[in-house]
Each structure stands twice: as structure tokens, then as C-alpha cells.
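All remarks here apply to the structure that follows.
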Amino acid sequence: MRLVGPATVVSVAYIDPGNWGSNIAAGSHFGFSLLWVVWVSGFLAVYFQYLAGLVGLSGAGLLDLFEARLKRFKPLLAPPLVAMVLATDMAEYMGLIIAVHLLTGVPLDVAAVFALVDVVLLASLSDRRALFARVIGVFVAVVALSFLVELWLVKPPLWEVALGSVVPRLPEGAAVVAVAIMGATIMPHALLLHSHLTHGMDRRVHMWQTLANLLGASAINASMQIMAATALFGRAVDLGEAPAVLEPLFGGLAAFLFSVALFAASLSASAVSVEAGVLVFRYATGRRFSAAAARLTARLVNIAPALAALHLGASPVEVLVYTQYVLSLVLPVVMAAAVRWSWRMLGTAGRVAALAGTVFVTAMDLYSFVAG
Numbered sequence: 290m291r292l293v294g295p296a297t298v299v300s301v302a303y304i305d306p307g308n309w310g311s312n313i314a315a316g317s318h319f320g321f322s323l324l325w326v327v328w329v330s331g332f333l334a335v336y337f338q339y340l341a342g343l344v345g346l347s348g349a350g351l352l353d354l355f356e357a358r359l360k361r362f363k364p365l366l367a368p369p370l371v372a373m374v375l376a377t378d379m380a381e382y383m384g385l386i387i388a389v390h391l392l393t394g395v396p397l398d399v400a401a402v403f404a405l406v407d408v409v410l411l412a413s414l415s416d417r418r419a420l421f422a423r424v425i426g427v428f429v430a431v432v433a434l435s436f437l438v439e440l441w442l443v444k445p446p447l448w449e450v451a452l453g454s455v456v457p458r459l460p461e462g463a464a465v466v467a468v469a470i471m472g473a474t475i476m477p478h479a480l481l482l483h484s485h486l487t488h489g490m491d492r493r494v495h496m497w498q499t500l501a502n503l504l505g506a507s508a509i510n511a512s513m514q515i516m517a518a519t520a521l522f523g524r525a526v527d528l529g530e531a532p533a534v535l536e537p538l539f540g541g542l543a544a545f546l547f548s549v550a551l552f553a554a555s556l557s558a559s560a561v562s563v564e565a566g567v568l569v570f571r572y573a574t575g576r577r578f579s580a581a582a583a584r585l586t587a588r589l590v591n592i593a594p595a596l597a598a599l600h601l602g603a604s605p606v607e608v609l610v611y612t613q614y615v616l617s618l619v620l621p622v623v624m625a626a627a628v629r630w631s632w633r634m635l636g637t638a639g640r641v642a643a644l645a646g647t648v649f650v651t652a653m654d655l656y657s658f659v660a661g
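Quick note on numbering: my numbering labels position 221 of the sequence shown as 510, and the sequence is numbered without any gaps.
Below is the structure:
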């Protein structure tokens with residue numbers, strides 16, 4: 290059975306720059322306390338990606354169903370979905386800027402220009418689905434190998450990893466970061482995209498592809514926070530500063546692999562977000578968008594705010610965390626849609642799990658408003 294397919298593409302949602310920002314913020318500020326959030330979010334993402342793919346097996350993706358069955362609500366649905374695309378692109382762009390800066394040493398302004406290379410690359414791959422999935426798989430493998438070596442270098446305390454994984458804790462001030470982790474992991478744009486990629490697939494193949502790709506990506510996601518909690522806790526380190534902290538502690542290899550993995554994650558995540566952007570912009574405007582046009586539209590909106598934030602001294606990690614927080618606020622709508630249109634294909638246990646997951650994410654969003 291082939292394990293490379295649509296689920297390989299959406300698995301990038303687990304390792305995009307938003308995950309890096311959220312997990313570095315969690316690990317460096319709260320240690321292993323929020324590791325359980327990564328695992329819960331990972332399992333929820335696996336299940337809801339399966340549901341989204343189920344919807345697509347019938348031939349109609351979630352946005353097709355929004356257009357066909359919820360057309361009168363389009364003025365309410367389109368703005369948050371467009372905001373979702375812009376927030377996602379901001380995260381990918383910020384990650385690419387930092388990665389180019391770390392790998393080449395060029396100033397951030399120059400890195401911002403080089404980081405536009407993803408527009409050209411993605412336009413060349415957008416109509417070649419099989420190659421697209423394989424390229425994404427290579428990028429995911431690079432990130433996975435990099436973090437495997439990182440964990441070997443930093444040698445995390447296994448007891449604390451186990452404790453943080455199974456004991457739910459939410460320290461004071463951690464609510465926004467916890468919700469950002471959920472938004473960064475479950476990724477509403479990845480749910481939408483998956484539902485548009487599975488048409489014609491066998492249900493069993495879809496299930497195994499989803500399990501294999503997304504459980505593996507969940508482990509990569511958790512390794513980010515484990516590395517940050519082990520090596521960066523208490524240091525208030527920003528994303529761009531992490532290699533400089535890692536090098537004297539764990540050697541040049543740790544710093545180099547961090548930068549390479551960030552570049553691979555940012556580029557691959559850009560590939561996925563632009564595909565989702567094409568679908569969302571088409572839904573919002575009623576016009577067809579090419580991959581290059583969708584990426585340029587989002588990038589032109591984001592380039593000035595991204596550069597302004599960097600020049601004003603804003604922390605890239607803070608920017609990434611808040612972009613993921615925006616995604617988490619859109620999540621309940623997309624999750625509810627996946628539940629609604631996969632309902633008849635689920636048994637009792639599946640329906641209970643789907644409702645419980647949607648309620649949990651919504652409750653965490655509401656709690657973040659109260660707790661801050």
C-alpha cells in the first residue's frame with residue numbers, strides 16, 4: 290500500500306514555522322508543562338484530517354459544500370477563511386526569512402527578498418500532484434532526521450518527557466500558547482485542503498495514509514517542544530537566536546541542523562498553504578486563482594507588516610504564536626463542517642469523538658479569552 294499521498298501533503302501542518310514558534314515559546318517558557326497539548330492536538334488532528342478526507346472521498350471538498358449548501362452565509366464565512374490564509378502565509382514567510390538569514394548570514398531585509406523564491410518554486414509544482422507529494426515528503430524527512438539528531442545531541446530527561454506528555458498542566462500565562470499549539474497543529478487550512486485532495490481514493494488507503502503520515506508528523510512536532518524544553522528553558526530565546534544558543538552548548542551541528550530544518554519546514558509548509566489559498570480565494574471571490582497569484586496576493590499583503598514587525602523589534606516567535614492563535618479561532622468552524630458532512634459515515638463512537646474534539650477546541654479558545 291502506498292503511504293505517500295494527500296496525507297503526506299497535509300502532514301506539513303505539524304512542522305510549519307507556526308509550530309516552531311509555538312513549541313519554542315512553550316518549551317523555553319514553560320518547560321515540559323505543555324507537552325500534553327502537543328499530543329492531544331496531534332491525535333485530534335489525525336482524527337479530523339481523517340474526517341476531512343472522508344468528506345472529500347465523495348467528490349466534493351469542504352469549500353465546495355460551503356458554496357453549495359451554505360451560500361447565504363458566505364459573507365460571514367469568507368472573511369475569517371481569508372484571514373486564516375493570510376495568517377498562515379505570514380507564518381511561512383517569517384519562517385523563511387529567519388531560515389535564509391540563519392543559513393546565509395544576510396540581513397533580514399535581504400533575506401525577505403530571497404524568501405520570495407517559494408512563489409516561483411510552488412508555481413512550477415502546483416499542477417504536478419504526484420511530484421508535489423514526493424517533494425513534500427522529502428522536506429518532511431529532512432525535518433524528521435534533523436530533529437532526531439537534535440534530540441540525540443541534547444539528551445532530554447525521559448522522565449520529564451513522560452510526565453509532561455501524560456499529566457495535563459496549564460501554568461499561568463500559558464493559555465494563549467496552548468491554544469496557539471492547537472491552531473498550529475490541527476491547522477484549519479490543512480483540513481480544508483485535505484478534503485479537496487482525496488477524491489477517488491479508497492477509504493482504507495486514505496485511513497492508513499492518514500495514520501502513517503500524521504502520527505509520524507505528530508512525533509516530529511513533539512520533538513520540537515522536547516528540544517526547546519531541554520536546551521532553551523529559562524533562556525527566553527527567540528527563533529532566530531536559537532542556533533546561537535545551541536552551538537556553544539551542543540556544537541555546531543545542532544545549530545546547523547536547526548537552521549536547515551527550519552528552511553525545509555518553511556518551504557514545504559508554503560507549498561501546502563498556497564494550495565489552500567487557491568481554494569479559499571476562489572471560494573471568497575468566485576474567481577479562479579493560480580498558485581502563483583494566490584501566493585503573490587497573500588505575500589504582498591504580508592510583506593510590509595512582516596518587515597515592519599522585524600524593524601520595530603517584534604519577536605518573530607511572538608508573531609508566529611499570534612498567527613497560530615488566529616488559526617485556532619477559525620478551527621471550530623472548519624472542524625464542525627468536517628463533522629457535519631462526514632456524520633453519516635461514522636459510527637456512534639466516531640460521532641462522540643468528533644463532537645468531543647470540536648467542543649474541546651472551542652472550550653480552549655473561550656478559556657484563552659478569559660485567562661489570556
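Backbone N, C-alpha and C fix where the C-beta goes; we use that ideal spot for every residue, glycine too. Remember, it's a predicted structure, so these values are computed and weren't measured experimentally.
A distance below 8 angstroms between beta-carbons, with the five flanking residues on each side excluded, links P396 to the following residues of its chain, in chain order: H390. Around A433, the same chain offers I509 as residues with beta carbons nearer than 6 angstroms, after the five sequence neighbours per side are excluded. By the neighbour-count criterion, in which 16 or more other beta carbons inside 10 Å mark a residue as buried, V641 falls on the exposed side. Boundaries of the alpha helix (DSSP H) around T574: 541-574. The Cβ atoms of I304 and P605 lie no closer than 9 angstroms to each other. When secondary structure is reduced to three states using DSSP, A463 falls in the coil class, being assigned neither helix nor strand. Apart from sequence neighbours up to five positions away, the residues of its chain that approach D398 with a beta-carbon distance below 8 angstroms are L596, ordered along the chain. A residue is called buried once 16 or more other Cβ atoms fall within 10 Å of its Cβ, and T297 is buried on that count. Nearest C-alpha to D353 among A627, L655, T647: A627. About 24 angstroms separates the beta carbons of L323 and A553, which is beyond the 8 angstroms limit, so they are not a contact pair. A check of alpha carbon separations from Y611 across V329, M379, M496 identifies M379 as the nearest.
Straight-line measurement puts the Cα of G523 at about 28 angstroms from the Cα of V431. With a 10 Å radius around the Cβ and a threshold of 16 neighbouring Cβ atoms, E461 comes out exposed. Annotation for S617: V468, A469, M471, G472, D654 place their beta carbon closer than 7 angstroms to its own, counting only its chain and skipping 5 residues before and after. Counting along the chain, no alpha helix (DSSP H) covers K360, and no H or E run does either. For A479, the closest of A302, S657, L292 by C-alpha to C-alpha distance is A302. One thing to note: P306 has its Cβ within 9 angstroms of the Cβ of L609. Only residues of its own chain outside the window of five on either side were considered, and among them none has a CB closer than 6 angstroms to the CB of H318.
No residue range can be given for L405, since it is assigned to no alpha helix (DSSP H) and is classified by DSSP as neither H nor E. The C-alpha of P537 is placed about 46 angstroms away from the C-alpha of A643. The shortest CA-to-CA distance from V456 to any of N591, W328, G602 is the one to W328.
In the DSSP assignment, F319 falls within the alpha helix (DSSP H) that extends over 306-319. Taking the Cα positions, G566 is about 37 angstroms away from V443.
CA-to-CA, the gap between A583 and A593 works out to about 17 angstroms. The beta carbon of R458 is closer than 8 angstroms to those of S322, L323, W325 in its chain, skipping five residues each way along the sequence. With a minimum length of 4 residues, the unbroken runs of alpha helix (DSSP H) contained wholly in the stretch 606-661 fall at 637-660. Between G489 and G331, the gap from beta carbon to beta carbon reaches 9 angstroms or more.
Taking the C-beta atoms as reference points, V371 is found nearer than 9 angstroms to A573. Between the beta-carbon of F547 and that of A531 there is about 6 angstroms, and that keeps the pair under the 8 angstroms contact cut.
The count of Cβ pairs closer than 8 angstroms, one atom from the stretch 645-652 and one from the stretch 623-637, reaches three, so the stretches are in contact. For R588 and R576, the gap between their C-alpha atoms comes out near 19 angstroms. G505: member of the alpha helix (DSSP H) spanning 492-520, first to last residue. At the C-beta level, A341 and S631 come within 9 angstroms of one another. Around the CB of S562, 16 or more other CB atoms lie within 10 Å, so the residue is classed as buried.
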